[in-house]
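Working notes for the structure below.
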Amino acid sequence: MAKKKSVMTAKKGMSANARVTIAVLVVAVLVIGAVLLVNRSGSDTPSQRAGEVTADVLWRPDSNSLTTSPDNAVTVVEFLDYQCSACVSFYHNITKSLEQDYAGKITFVIRNFPLEMHPLAEPAAKAAEAASLQGKYQPMFSKLYGDFPAWALMADGRNVSDDTVRAQAKFESYAAEIGLDLAKFRSDMASPAVRQRIDQDKADGEKAGVTGTPAIFVNGSLFQPVARTYADASQQLRDEIDGALAA
């Protein structure tokens with residue numbers, strides 16, 4: 174019997190035309206919040222490794238974070254692709270509320286894992302990292318996902334875009350909106366340091382067994398929701414986080 178695939182995870186090599194369009198996903202996110210999930214066990218999980226992944230692989234002292242705790246006792250690490258429709262859906266359904274509700278209680282780390290199937294994932298990661306160098310990672314992160322269709326999709330809103338010129342113009346407009354030095358932003362996007370940062374993130378993800386996005390780890394353990402809706406998955410993730418906080 175064929176194994177079910179999760180719409181929560183984008184895999185390497187998956188056809189862009191085979192995915193649910195982002196327009197449909199955004200409607201589901203904003204109107205009913207009921208994008209279906211399936212059990213992520215078996216070969217369709219983003220990682221096949223058993224047990225915990227060590228902290229030095231999952232996150233580094235200079236990794237970007239959405240929220241931090243004083244002792245880093247509970248860490249949530251997400252490997253993501255900025256042009257991944259499953260990742261933007263996860264952002265709207267789960268990440269935004271976690272960032273607010275657990276501010277100061279957990280350390281929520283974001284790592285880059287651009288997939289080859291998404292031609293603008295790497296440029297978007299460069300934009301995020303360049304913003305980070307000016308202390309504005311979170312605002313850029315929110316812009317990239319909050320305005321996803323404007324740079325990540327073709328004009329018809331149905332397929333993944335490969336228009337680097339349009340995307341770069343959008344990235345620079347976001348940079349201006351959040352108060353970045355545009356000359357430095359452009360220079361940093363093209364810098365070896367930013368390139369190395371993204372490569373390191375992806376290498377660490379591969380060491381952790383990541384093959385698709387989003388891949389979430391809670392204190393080193395891969396989060397694998399057994400859920401039919403993002404609401405259920407969100408609650409399961411919160412249960413894991415709350416359990417770790419109470420330990």
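Read left to right, the sequence shown gives residues 174 to 420 (this note's numbering).
Heads up, the beta-carbon is just placed ideally off N, CA and C, and yes, glycines get one too.
Cβ-Cβ distances below 7 Å link THR227 to GLY393 in the same chain, with the five nearest sequence neighbours on each side left out; the list follows chain order. In summary, PRO243 is exposed, with fewer than 16 beta-carbon neighbours lying within 10 Å of its beta-carbon over all protein chains present.
The alpha-carbon separation between ASP335 and PHE321 amounts to approximately 13 Å.
Fewer than three pairs of CB atoms, one per stretch, sit closer than 8 Å, so the segment 253-273 makes no contact with the segment 365-372. Distance from the CA of ILE351 to the CA of LYS309, rounded to the nearest whole angstrom, comes to 7 Å. Within the segment 351-399, the alpha helix (DSSP H) runs of at least 4 residues that lie entirely inside it are, in chain order, 355-362, 365-380. Boundaries of the beta strand (DSSP E) around LEU253: 248-253.
Boundaries of the beta strand (DSSP E) harbouring PHE281: 280-285, taken from the DSSP string. For ALA419, the closest of ALA246, TRP324, PHE390, THR280 by C-alpha to C-alpha distance is ALA246. Counting along the chain, the unbroken beta strand (DSSP E) around LEU239 starts and ends at 237-240. When C-alpha distances from THR386 are compared across PRO234, ASP254, SER236, THR248, the shortest belongs to ASP254.
Using a Cβ distance threshold of 8 Å, VAL367 and LYS278 do not count as a contacting pair. With contact defined as three or more Cβ pairs closer than 8 Å, the segment 397-407 and the segment 261-272 are in contact.
By the Cβ-count criterion, SER236 is buried, with 16 or more other Cβ atoms from all chains shown falling within 10 Å of its own Cβ.
Cβ neighbours of TYR318 within its own chain (closer than 6 Å, five residues either side excluded): VAL261, TYR264. In the DSSP assignment, LEU326 falls outside any alpha helix (DSSP H), carrying neither H nor E. Taking the CA atoms as reference points, THR248 sits about 7 Å from VAL282. According to the DSSP secondary-structure assignment, VAL333 is paired through a beta bridge with LEU326.
Put simply, of ALA294, TYR275, MET290, GLN397 the residue whose alpha carbon is nearest the alpha carbon of ARG284 is ALA294. When VAL250, LEU271, LEU231, THR240 are compared, the shortest CA-CA separation from TYR403 is found for LEU271.
Note that the C-beta distance between ALA381 and LEU288 is not below 8 Å. Straight through space, the alpha carbons of ALA340 and THR241 are spaced by roughly 30 Å. Just so you know, the alpha carbons of LYS343 and ASP229 end up roughly 34 Å apart. Shown here, THR227 sits in coil according to DSSP, grouped into three states, outside any helix or strand.
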